[in-house]
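Student: Please read through the structure below; I'll follow up with questions.
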Amino acid sequence: MSAADTKAVGPPVPVPPDPQPTGKPSSADGDAPRVQKRKRKKGELLPYFLILPAIVAIAAVYLYPLGKTVIMSFQDMGRRELWSGEPAPWVGFQQFTNILGDPEFWWVTFRTIVFMAICVTLTMGIGLLVALLMRKLSTWVRLVLTVALIAAWSMPLMVAASIFRFMADSDYGLINTLIAKVVGEDWLGHNWYLNPIQGFGIITLLVVWGAIPFVVVTLYAALTQVPQELEEAAALDGASAYGIYKFVTWPVIKPVFTMVATLSVIWDFNVFGQIWLLRGNKPEPEYETLGLYSYSKAFESTSFSQGSAIALITVLLLSGVAVYYLRQLMKTGEVE
Amino acid sequence: MSSTTETQVLRPDRKKSRLHFDIIGLGIAAVMIFPVYWLVISALRPNREIRSYNQTLWPTSITFDNFVRATEMPNFGTAIQSSLIVAVTAVVGGMVIATLAALAIGRFRFFGRKALILVMILVQMLPPTAMLIPIYAQLNAMGGIDEYWGLIVVYLVSTLPFATIMIRGFVVNIPVELEESAMVDGCTRFQAFRRVIFPLLAPGLAAASIFALVNAWNEYLFAYILINDNSKYTLNVWLMTFTTERGTDYGALMAASTMIALPVVVFFMIIQKKMAAGLTSGAVKG
C-alpha cells in the first residue's frame, strides 16, 4: 500500500485501536494467571484453527508472490514464457548486474529518494505546524478546519488525481489562469509536465495535500495528551513559547511523530498512483520512480524478470526503514 | 477549554492573537478544501466554462449536463455493477477471516502470535509492484485475468491485515469475564461468541467493513492490470476511459468523479472519528 492509499480512506496504520485510557493491562494478557492457564489447556488448537484462513490468504496473496518475485528475479521471464507457460530459463545474477550497471537505475533511485525526502519534509513540517495551530483556534474554526481536512482525506486517489490533472491542465487549468492574471498572458497554455521539475512540483502538491489530513489529525490527537498543567507551570516559571514546546510538548508527541514520519517515508518511497495517473498511465522516463520503473520494465517492455528484480531491490532498500518502524512499535508495546 | 479563561487573565493579548490564529486556520481550511470545491463546482458548471482559457472561481450557472454526459458514457452501468460485486464480496469474505484471526490474536496467547502480527504489519509496507508482477503472472497462468474472482481475492487479502489489527483492538476491549460467565451459565464457546461477543463487536466490525469497502472501492492499479475486458471495468478504470487521444472531457470526468467520491465521503464521515481516536490512544500510552 502506498501513501496514496492512505488518503483513500485512512491509512493502513498498524497502530491498533486501544481506547483503554488507563495503564492497566488489558484483560486478555493481564492479571488472571489462573484463567490464562485454563485457556491455554483448553484452547490449545483452537487459535490455530482461527488463524488458519488468514494465514492461507496472506501466504497466497503476499508471501507466495513475494517468493515468486525473488525467483523471477533470477530467471528471464518475458512475454513468451508468460503466455506459453514454458519454464523461464535461469540466468543467475544477470538481471541484477544489468540493472545495477545501468545508469538509468541510479538516476531513478536518486530521483525516488529526493522526491520522498521532499514530500516527507513538507508533509511532516506542515502537518506539525497545523496540528500545533489547531490548539490555538476557537472551537468553531477548529471544527471548520477539521471538516476541510476530512473532506480532503476522503477523496479517493483516482478522484484527487483527476482534480489535480484538471487544475494543472495546460489549456483549461485553473493554475494557468491564475498565474496568467498575475504574470501575463504567455502563461496560458503552459505545459507543466515538459519540465520534470515543474511536473514533480504538481505531483508533490497532490501527494502532500493528500497526506496532510492524516498527519494533522494524528498529531493533534497526540497533542491533546500533553498535560496542560505542565505547560501552564512552565509558562508561569517564565519559559518561552519555544522552550515550552521543546521541553514539554515535544517529548510527549515525539513517539507519535516518529511513527508517522517513518510511515510517511515508506509511503512516499512507494508513491505510484499520483505520478502514474497524472501522467496518463504512461509516465515518461524522466518521471519514473522505482515503482514506476519496475512497472514499466514489466508491463511496457514485458520483461517481467527485470521488473521483479527492481521491485526486489526496492523491498531491500525499504527493509531498513521497516525494521526501524517495527522496533518503534515494539517499544510502545503495540505488538503485545 | 476551561483553562482558556485563566490564561486570558494572565495574558490579556491572548484574545487578539487568537483572532490571528483563527484567520490562519480558516486560510488553511480553504486551501485544503479547495480541490474538493473545484471538483464539485466543475461538475456542476456548463461545459463552455470548463473548456475555457479563463477559468472563474464562481460558475455563472448550474447545470447537470456533465452528469448526464458521464452516465451516458459506455459501460457506466456495468462499471457500477463490477465495482459493487468485487468490493462487497471482498469485504464480506475479508471480515469473516479477519474476525476469526482477530479473536485468536486478541483472546489467546499462542506460539507464533507475535510473528503473525509482525507479518501483518510488514506486508502492508510492500511496494505495489512487488505484488503486481507475480500476481499478474500467476493469475495469467490460472486463467484468472479478466475474471472477478482474481480481483476479489486480491482485494480481500489486501484489507485483511489492517482489518484484523483493527478488530483485535475491539476484541481486547471486551472483558473476558463476559464470555466466561456466559460459558459458566451453560453456553458453548460458540454460543458465547454469537450471543455475547458478537453483539458487542458489531460496531467495530461495521467500522472495519466500511474501511475495507472504501479501500476496495478506491483501488485502481490491480483493477487496471487484471481486468482488460471493457464490460468488466470497475468504476476507477472506467474513469480512465474519459481521456482519449482527442483530449479529456473534464466536465464529465469531474461529474463522474463526484459520483464515485460521494459514497466514500459519506462512509468516511461515519468512521473517521473512530479511526482518529483509535490511531493514537494506543500509540501514546507508553
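So the protein sequences, as listed, match chains S and U.
Count the first sequence with numbering that gives the first Met the number 0 and you get residues 0 to 335, in order.
Count the second sequence with numbering that gives the first Met the number 0 and you get residues 0 to 285, in order.
Ideal Cβ positions, reconstructed from N, Cα and C, are used throughout, including at glycine.
1) Please determine, among U:263, U:231 and U:258, the residue with the shortest C-alpha to C-alpha distance to residue 80 of chain U.
2) Would you say residue 163 of chain S reaches chain U, if we count a Cβ-Cβ gap shorter than 9 Å as a contact?
3) For residue 235 of chain U, return the contacting residues in chain S, with the cut-off set at a CB-CB distance below 7 Å.
4) Does residue 336 of chain S get closer than 9 Å to chain U when you measure Cβ to Cβ?
5) Measuring alpha carbon to alpha carbon, tell me which of U:22, U:205, U:24 and U:76 ends up nearest residue 259 of chain U.
6) Across the segment 189-200 of chain U and the segment 112-132 of chain U, are there enough close Cβ pairs to call them in contact, namely three or more that are closer than 8 Å?
7) For the structure I just gave you, are there three or more beta carbon pairs, one from the segment 102-110 of chain U and one from the segment 163-174 of chain U, closer than 8 Å?
8) Give the single residue among U:99, U:110 and U:207 whose Cα lies nearest to the Cα of residue 406 of chain S.
9) What alpha helix (DSSP H) runs, 4 residues minimum, are completely inside the segment 218-289 of chain S?
10) Applying the criterion that 16 or more other CB atoms from any shown protein chain within 10 Å of the CB defines a buried residue, is residue 229 of chain U buried or exposed?
11) Please report the straight-line C-alpha distance between residue 60 of chain U and residue 45 of chain U, rounded to a whole angstrom.
12) Measure from the C-beta of residue 282 of chain U to each C-beta in chain S and report whether the shortest distance is under 9 Å.
13) What would DSSP say about residue 237 of chain U, mapped onto helix, strand or coil?
14) How would you list, in chain order, the residues of chain S whose beta-carbon sits under 9 Å from the beta-carbon of residue 24 of chain U?
15) Kindly indicate which residue of S:115, S:201 and S:175 has the alpha-carbon position closest to the one of residue 185 of chain S.
16) Just confirm the distance between the C-beta atoms of residue 230 of chain S and residue 243 of chain S, as a whole number of angstroms; I'd bet it's less than 8 Å.
17) Cβ closer than 9 Å: which chain U residues qualify as neighbours of residue 195 of chain S?
18) Just to confirm the assignment, what range does the alpha helix (DSSP H) spanning residue 45 of chain U have?
19) Assuming residue 24 of chain U and residue 142 of chain S are in contact, meaning their beta carbons sit under 8 Å apart, how far apart are those beta carbons, in whole angstroms?
20) Give the single residue among S:77, S:128 and S:85 whose Cα lies nearest to the Cα of residue 306 of chain S.
21) Please say whether residue 104 of chain S and residue 304 of chain S have beta carbons closer to each other than 9 Å?
22) Could you name the residues of the same chain whose beta carbon sits closer than 7 Å to that of residue 206 of chain S, not counting the 5 residues immediately before and after it, in chain order?
23) With a 10 Å radius around its C-beta and 16 neighbouring C-beta atoms as the bar for buried, classify residue 250 of chain U as buried or exposed.
24) Would you say the segment 50-65 of chain U touches the segment 162-177 of chain S, given that touching needs at least three Cβ pairs under 8 Å?
25) Would you list the residues sitting across from residue 74 of chain S in a DSSP beta bridge?
26) For the 8 Å Cβ check, are there 3 or more pairs between the segment 65-76 of chain U and the segment 175-185 of chain U?
27) For residue 66 of chain U and residue 252 of chain U, I'd like the C-alpha separation in whole angstroms.
28) Mind listing the chain S neighbours of residue 51 of chain U? Cutoff is C-beta to C-beta under 8 Å, in chain order.
29) Once the 5 residues before and after residue 204 of chain U are set aside, which same chain residues still bring their CB inside 7 Å of it?
30) So what does DSSP say about residue 55 of chain U, is it helix, strand or coil?
31) I'd like to know if residue 54 of chain U contacts chain S, where contact means its C-beta is closer than 9 Å to some C-beta of that chain.
32) In this structure, does DSSP put residue 62 of chain U in helix, strand or coil?
33) Name the residue from U:121, U:155 and U:257 whose alpha carbon lies nearest to the alpha carbon of residue 60 of chain S.
34) The alpha helix (DSSP H) spanning residue 318 of chain S covers which residue range?
35) How many angstroms separate the CA atom of residue 86 of chain U from the CA atom of residue 244 of chain U?
36) Can you have a look at residue 101 of chain S and say buried or exposed, based on whether 16 or more other CB atoms are within 10 angstroms of its CB?
Tutor: For this structure:
1) The shortest C-alpha separation from residue 80 of chain U is found at U:231.
2) Contact with chain U is found for residue 163 of chain S, since one of that chain's Cβ atoms lies less than 9 Å from the residue's Cβ.
3) Here the neighbours are 157.
4) Nothing can be reported for residue 336 of chain S: it is not among the residues displayed for chain S, which extend from 0 to 335.
5) The shortest CA-to-CA distance from residue 259 of chain U to any of U:22, U:205, U:24 and U:76 is the one to U:76.
6) Taking 8 Å as the limit for Cβ pairs, the verdict is that the segment 112-132 of chain U does not touch the segment 189-200 of chain U.
7) Taking 8 Å as the limit for Cβ pairs, the verdict is that the segment 163-174 of chain U does touch the segment 102-110 of chain U.
8) Within the shown structure, residues of chain S are numbered from 0 to 335, placing residue 406 of chain S beyond reach of any answer.
9) Runs found: 227-235, 240-243, 249-268 and 272-277.
10) For residue 229 of chain U, the number of other beta carbons within 10 angstroms of its own is below 16, and it is reported as exposed.
11) One C-alpha to the other measures close to 7 Å.
12) Bear in mind that the predicted position of residue 282 of chain U carries a pLDDT of just 34, short of 50, making it unreliable; the figure below should be weighed with that in mind. In terms of beta-carbon proximity, residue 282 of chain U lines the interface with chain S, with at least one pair separated by less than 9 Å.
13) In the three-state DSSP reduction, residue 237 of chain U falls in the helix class (H, G or I).
14) Residues of chain S passing the Cβ test: 129, 132, 133, 135, 136, 137, 140, 141, 143 and 144.
15) Selected option, being the one with the closest Cα: S:175.
16) Going by Cβ atoms, the distance from residue 230 of chain S to residue 243 of chain S rounds to 5 Å, so yes, they are a contact pair.
17) Residues of chain U passing the Cβ test: none, with the nearest at roughly 21 Å.
18) Looking at the DSSP string, residue 45 of chain U is not in any alpha helix (DSSP H), and its letter there is neither H nor E.
19) Incorrect: roughly 10 Å between the Cβ atoms, too far for contact.
20) Sorting S:77, S:128 and S:85 by C-alpha distance to the C-alpha of residue 306 of chain S places S:77 at the top.
21) Against a cut-off of 9 Å, the Cβ pair of residue 104 of chain S and residue 304 of chain S comes out as no contact.
22) The residues are 2, 118, 267, 270 and 273.
23) Classification of residue 250 of chain U: buried, given that the 10 Å Cβ count is 16 or more.
24) Touching, yes.
25) When beta bridges are read from the DSSP output, residue 74 of chain S appears opposite S:89.
26) With the cut-off at 8 Å, the segment 65-76 of chain U and the segment 175-185 of chain U do not touch.
27) Taking the straight line joining both Cα atoms gives about 9 Å.
28) Against chain S, the beta carbon of residue 51 of chain U has neighbours under 8 Å at 171, listed in chain order.
29) If we look at residue 204 of chain U and ignore the five residues flanking it on each side, its Cβ neighbours are 94, 98 and 166.
30) Look at residue 55 of chain U here: in three-state DSSP terms it is coil, with no helix or strand label.
31) Chain S contact via Cβ: present.
32) It is coil, neither helix nor strand.
33) The closest CA to that of residue 60 of chain S, considering only U:121, U:155 and U:257, is found on U:155.
34) From DSSP, the alpha helix (DSSP H) with residue 318 of chain S extends over 303-330.
35) Taking the straight line joining both Cα atoms gives about 31 Å.
36) Residue environment analysis places residue 101 of chain S among the exposed positions, since fewer than 16 neighbouring C-beta atoms fall within 10 angstroms of its C-beta.
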